[in-house]
Structures are given as C-alpha cells and as structure tokens.
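>
In the working numbering, the protein residues as written are 4 to 808.
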C-alpha cells in the first residue's frame, strides 16, 4: 500500500510530524513502513505558463518558436520541438537556472540561431513515471488544465511536494489497504483528531434495478445505483495527483472516481455501462461449465464452476471481484452507469484470481475481506463525486440485496490478564484512553473491559488481540525487558548428540565429505543393493512430485551411489562420502500410523586412496582400507567386540563383503559393490558401509585416551605358521591366540597368507608374528617357550590347525 503523506494530512492533523516521524510511529505500532519516497525528484524553478503564440523556426522544420506568459513583466521566447505544442495551452516551463530530475540544469541559450529563455517540459522530464501516464501525456509536452494559475509552482500544481510511505502490511491488517484505515491508525498512534469526509445518499427517482443472489454464501451483500447524464473527460488535477501518488494510472473521470473511492475506503467499485446491461437486472451466480468471459484486457477467459459471475440475465458482464467484462465497459459514449459495491467471498476471489492469473488492486482487497459497513458509504461517496466531477445525477435509489446483518463483535478483556501478559502496571484510565483513541466503544465493570470492535477491524476476535492493541499504543519501547525467572538449567548436548558429532568429526578428519541426500527415492534403487533392512516395506507417497522420488528410503546407500555417479560424470576421480541421517522402516504394506525413523550411518569410497603425485606411488583402495577406517571409528566411540563375518548379499561382491557383528547381533554391512552394479553407475571399484547407529551407540563407552609409559624390559618374538581349512576366518585364529597367550602376549600380527598345492587342496597357510613382554621383568626363554607352547596346543585342539613344516 502506497500512502500519500499530503493526502493523509487532510484526514489527520500531522502538524509538527514529519514523514520520517510518521513512518517511525507506524512501524513502532506494527504497521511496517518499508520506505519513504519523495515525489519530487529534483524539480526546481518550474512554473505554469500559457502559450500565447507559436511560429515556425526559421532554421529548423521540426522546431517552433513559442511566446509563453509566465506571469513576469514580459513573455518568454522559448524554442520547443514537441509536436503537440499549441497556442492557448497551459504548460510547465523550466525557467533560467531551473533544475530537473537527473541533475539537468536549464539556462538561456540559442537553438539554431534563435534565443530560447527556458524549456517547455514533458511529464517524463518532470520525473513522472511513464506507466502512470496516459498515451496522450507520454507523447510531447505535458498539457495542464486551463484553470491552472499562470506563474504558480508546477511542483505545487502536480503535488510533487509530497512523500509516499510504502507500507508492508501483514495479511490480517486489511483495514490499512485504505486511506481511511491508515488515517484511523495514524490518529490513534499520534493521539490526534480524525477528520473524515462525510457524504449523504443521493436518491434518484428512476426505476430500481433488480438484484438476484443465486449463491448467498459467495455474495451476501450487493448494492448498486444508477447515475445518468455523465460527461466523460479527464478527472481534475488533484484527483490525478492522488491516484498517481498511490500508483494508479488516471483514465477518465468515471473510472478515476471508482479507483479513488477504492483507495479512500478500501472498497472496490465497478461501473457498468447501463445501456449495455440487458433487462435492467443483475444476477450473481456461479459460472456454468464451458462458459467464457471477455475481460477488460481483451482476453477471453474460460470459467469453471467455482468462478463467481455478475450477469444481466442474458450474459456475464464481469468476473466478480476480479475484473469487469469488455461487453459492459465504460467508453467515451457512455452517459449512464450502473455503479456496483459488494462483498464477495475472499476465498472464492483468491482462487479465481490465482487460477486466471489476474491480480489487481480490487482482487487484493476482496481476497483479504472488505468492511461490510463500508459498502454503502463507499457507494454514496462515489455517486457524490460523479455528481460533482462528471456532471452526473442519481437516476435511482440505492438498491441493496443483503443476507443477514453484520454481526457485532464484542470482546471482554480482564485488566489483571492485561497487566500479567504485558508485565507492566498500566492504569485503567490509560487503557480506556487507548480504546478511545482507537474509536472502540468500551464499557468497564469490575476491572473487565467490554469492547465493541468495529467491522473495519476483522483481525480482532479474542482477548489477546485487544492486549496487543493496548501494547501497540502504549508503546513496546515503554514495556521493560526482564529476564525469565525460575529454575534454570544450562543447555548441553545429549550423549547421543555428542556421539553423532564425534562420528562426523572422525570421518571428516580422515577425508570423507558429509552429504545430505533425499529422503525420497525410487523403489528399484532400494532393490538393487541389499541393506540391513531390505526386508522392510518402502512407504509410498500418495502424491509424489516426480517419479524418481516416490518412496521413503530404507537405506542410505542408494543415495550415496547416485551422488557418486553424479560426481564421476563431472570428472571427480576420488570420492569419499558419508551420510548420517534417518531411514523410515515399517513391515506393513499399508501404513496408517507413522513409520519408525532410525538413525543410520553410511559411507562410500571409490577411486585411488590418494591423488596422483610424481613423488609417490598411487595407493590402491581395498576392503581393508575401509575396515581400518571403521575400526578407528569404533575406537573413537569406545565400541568393542566388533567382528567381521563373510556374507553373500545382493548387489555386493561375493568375496569382498562382510557383516559387522557385536555378540550375535548384526549392526552393519561392509563390502565392495558388485561389478555389475558398478558398471551400471559408471563406477570403478567402490566400497560402501552402512551401520545401524542405534545398535552401535548402545555399545559405545566413554572415549578416554590412555597413555602408557614406554616399555622398560625387552620383548621376545616368535613366528607361527599354521595350516588350516581355507574357510576358517583369521579372526577366530587370532582370538584363540590371544586367549591362550595370556598376560605375557603383547601383540599379534598376521603377516602372511598362502594357498596352493604345497599346503593341500582346501587348505591355507597363515603366518603370525607373536610378541611377548612383561612389565616387571625380563622374560626367560623358558617362560616364553611355555607360553608359546600353550598357544600351539590351543590352536590344534580348538581349530584343528597344524604347524606348517
């Protein structure tokens, strides 16, 4: 909403209040002012002149030598190149040393050998926006009304000595979409008197036009009146000035009056050419299937059954609340109009305007709700102005079709509730004064205010709304800031949040990048690669935005593979990704309640272990690289007892995949993608892992970094080469070795694995290096041999291993 400071001064006494101070008061009161724009962009020493005579320029075909009276001793001689300049016109004249927008300076000069003592100006040269000018005003010089006083300041005539306040209104403050509404607000905030124009109904003696409301819930209030003997022409300069200040282009005196009253009252009006309305009847109804309306912009628009139409019994003549029809448009031949003022369903207008792509000043007000009490006064104001400015005469009484009465809204406000919420002791007298400034009728009994809210304020309906009104006018700056009282606790992360943060930091420390994937995916992606919860049903979205995103994910891995493929196609050779997020699990095909949201961690690594460099050999990424990364993570989390068990899973390499097990519970998957899956996504050797964080973090302990002194006593080493079944995991052998070695066994290192004819079919040779050491003495050979022999015996009895010879 653009508010003219000069126009507002007619309704509210703003003496001593600058536009900046007014903007500050409005903003403090909850009506935010986005900016203040002066209408005068630099016009100085430009006056009104009358063209007394024009003669052709002796040395230029397109120039004219004009004699212009500017109310000085002698007329001025001005050379002008505008085609429309003519004798008898009243025009803006820039005098010697005048200034125009853009820093243009005017001085006496010679044009083609003829002296010119100034410049006759166009609207554009005065800084008037082109979009707000008629076609006639856009071409050539600006012609002013004949009643304009010669020699007067053009800035005063065009009301350029004005400021425009740009209001950024919230949807609930539709009352401030009118000058009257802003005037009520300014008068209340400034505690000034309000002086609004009053009009009376002009009753004509002609026949009433019948009104039929087929859909009362869509249009419960419809009023109209016929005005005859109109003489169309330009509206007076003061009205044009105010319309342009509000961002509305003047058209003619009839249309300008309807726009002016809309800006003044917030009530959109529409004028129909009475001669084009058949049967002297108005029927408000819904559109029929396939019905069309040619609107004022010349576009034929299709209507659906939700579109509300204004018809004359034979044909639609307007789309209610949005735009009038071309078949009833006011033209230069119009002498009688049918003036409409109504209330239309805000929801219906909003839907229609959105569907048709027609947003206007009128629809903007209708869709937020107009004041029912202002419908008749706005109509009377428009008829009054048409009579005064267009020579019109009321040709019928005001005809009204109304469903029910406007309900009075009365709210009770408890004084103790008011002071309790605001935290300030405000007196009853001060509260009564605030409601008086707001023009709310108020009664007080037993410290309870009974407030009658006017219909122009539909945003007020409950007790706290009135408390907000009191706070606005009392002044938010006068309400002291206080600290919250009561028992307070310092904020901190939960244990689970701390562990998740530690996971992120650990993986980022070793070069992985965190990604955030879509929660929605395609079912085939979930079926391509097995996960911990492949048996669960993916939940389908009832109205997916795209075919690629129609089910909730049960695994994070497919999204990581999709992200890796995207990066590979953009020449990213080394990809290290992880995601810590939720999956959505349910075992039911049809889910009525919410699914289980489970925290998971997944990672993907592909490409070489390090970038190419002349000084070192390129590393190879393999299963053990990722296994080592996870073991470091488990160490940081304090998770112990994680074992790796070979697995055969869909979408994974059959010999390079393992399940992660703690006790007997599977907590994750680690492995290389199957070569076919890698080929489908243009990936090289790619390793992924996925962990159930809920299960893993249940096993997490407090991460404590331990420091041990350097060993004082020497160690003793023994190598051990064993022949075992090829299917026997090395992890089981190591567990037996550590158990049998006891406290003296310090370290076990697997350094060789061999298969071949030398060890026999179905067998493999594994070699370990065992380190023995004591913290309090030097071990003898006999002690080391005894401990080592126990290890050999336990391996033979528990695993069937034999020493390789």
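All residues carry an ideal CB built from backbone N, CA and C; glycine is no exception.
Could you name the residues that DSSP lists as bridge partners for residue 599?
In the DSSP output, where bridge partners are listed per residue, residue 599 has 588.
> Is it true that the segment 724-733 meets the segment 773-791, where meeting means three or more beta-carbon pairs spaced less than 8 Å apart?
At 8 Å Cβ cutoff, the stretches do not touch.
> With DSSP collapsed to three states, give me the class of residue 569.
The answer is helix: DSSP assigns residue 569 an H, G or I state.
> Within a Cβ cutoff of 7 Å, which residues of the same chain sit near residue 629, ignoring the five residues on either side of it in sequence?
Excluding positions up to five away in sequence, the list reads 608, 673, 690, 692.
> Express the C-alpha separation of residue 642 and residue 718 in angstroms, rounding to a whole number.
Between residue 718 and residue 642, the C-alpha separation is close to 29 Å.
> Would you report the Cα separation of residue 3 and residue 544, rounded to the nearest angstrom?
This structure cannot settle anything about residue 3, because the visible part of the chain is limited to 4 through 808.
> Looking at the structure shown, is residue 140 part of a helix, part of a strand, or coil, going by DSSP?
In this structure, residue 140 counts as helix in the three-state DSSP scheme.
> Beta-carbon separation of residue 104 and residue 46 under 8 Å?
Their beta carbons are under 8 Å apart, which means residue 104 touches residue 46 by this criterion.
> Between 699, 394, 283, which has its C-alpha nearest residue 215's C-alpha?
For residue 215, the nearest C-alpha among the options comes from 283.
> Where do the N-terminal and C-terminal ends of the alpha helix (DSSP H) with residue 677 fall, by residue?
Counting along the chain, residue 677 falls outside any alpha helix (DSSP H), and DSSP gives it neither H nor E.
> Quick check: the segment 34-46 against the segment 70-86, are at least 3 beta-carbon pairs closer than 8 Å?
Judged by Cβ distances under 8 Å, the segment 70-86 makes no contact with the segment 34-46, as fewer than three pairs qualify.
> When the Cα atoms are used, what is the spatial distance from residue 670 to residue 702?
Those two C-alpha atoms are separated by around 10 Å.
> Take residue 524 and list the residues in its own chain whose beta-carbon comes closer than 7 Å to its own, dropping the five residues that flank it on each side.
Within the same chain, residue 524 has close Cβ partners 552, 554, 556, 561, 562.
> Return the Cβ separation of residue 228 and residue 399 in integer angstroms, given the expectation that the two are a contact with Cβ distance under 8 Å.
That belief holds up - the Cβ atoms of residue 228 and residue 399 are roughly 6 Å apart, short of 8 Å.
> Does residue 697 pass the burial test, meaning 16 or more other C-beta atoms within 10 Å, or should it be called exposed?
The residue is exposed, with fewer than 16 neighbouring Cβ atoms inside 10 Å.
> Would you tell me roughly how many angstroms separate the C-alpha atoms of residue 16 and residue 148, rounded to the nearest one?
Cα to Cα, the separation comes out at about 29 Å.
> For residue 737, write down the residues that DSSP places opposite it in a beta bridge.
DSSP output for residue 737 lists no bridge partner at all.
> Using the DSSP secondary-structure output, state which residues sit across from residue 3 in a beta bridge.
Look at the range of the chain in this structure, 4 to 808, and you will see that residue 3 is not part of it.
> Are the beta-carbon atoms belonging to residue 382 and residue 348 less than 8 Å from one another?
In this structure, residue 348 does not lie closer than 8 Å to residue 382 by Cβ.
> Looking at the strands, I want to know which residues DSSP matches up with residue 455.
DSSP, once it has assigned bridges, lists 413, 444 as partnering residue 455.
> Just curious, the alpha helix (DSSP H) that residue 27 is in, first and last residue?
Counting along the chain, the alpha helix (DSSP H) containing residue 27 begins and ends at 22-31.
> Just how far apart, CA to CA, sit residue 644 and residue 499?
Straight-line Cα distance between these residues: approximately 20 Å.
> At which residues does the beta strand (DSSP E) containing residue 313 begin and terminate?
Run containing residue 313: 311-314, per the beta strand (DSSP E) assignment.
> State the DSSP-derived secondary structure class of residue 306, mapped to helix, strand or coil.
Coil, per DSSP.
> Who are residue 39's beta bridge partners in DSSP?
The partner list for residue 39 (beta bridge, DSSP) reads 168.
> With a threshold of 8 Å between beta carbons, is residue 243 in contact with chain D?
The structure shown contains no chain D; it holds only a single protein chain.
> Given that a residue counts as buried once 16 or more other Cβ atoms are within 10 Å of its Cβ, and exposed if not, what is residue 10?
Label assigned to residue 10: buried.
> I'd like to know whether the C-beta atoms of residue 205 and residue 409 end up nearer to each other than 8 Å.
No; because the gap between Cβ atoms is not below 8 Å, this pair is not in contact.
> Out of curiosity, what's the CA-to-CA distance linking residue 757 and residue 736?
So the alpha carbons of these two residues sit roughly 15 Å apart.
> Can you look up residue 626 in the DSSP assignment and give me helix, strand or coil?
The answer is helix: DSSP assigns residue 626 an H, G or I state.
> Looking only at C-alpha atoms, which of 195, 241, 200, 197 sits nearest to residue 158?
The option with the nearest alpha carbon to residue 158 is 241.
> For residue 492, does the three-state DSSP call read helix, strand or coil?
Of the three classes helix, strand and coil, the one that applies to residue 492 here is coil, per DSSP.
> Starting from residue 285, trace the beta strand (DSSP E) in both directions and tell me its first and last residue.
First-last of the beta strand (DSSP E) with residue 285: 284-289.
> Quick one: Cα of residue 314 to Cα of residue 138, how far?
Approximately 32 Å between the Cα atoms of the pair.
> So does the segment 199-213 actually touch the segment 351-366, counting three or more Cβ pairs closer than 8 Å?
They do not touch, by the three-pair rule.
> Can you pull the DSSP bridge partners for residue 59?
Bridge partners of residue 59: 67.
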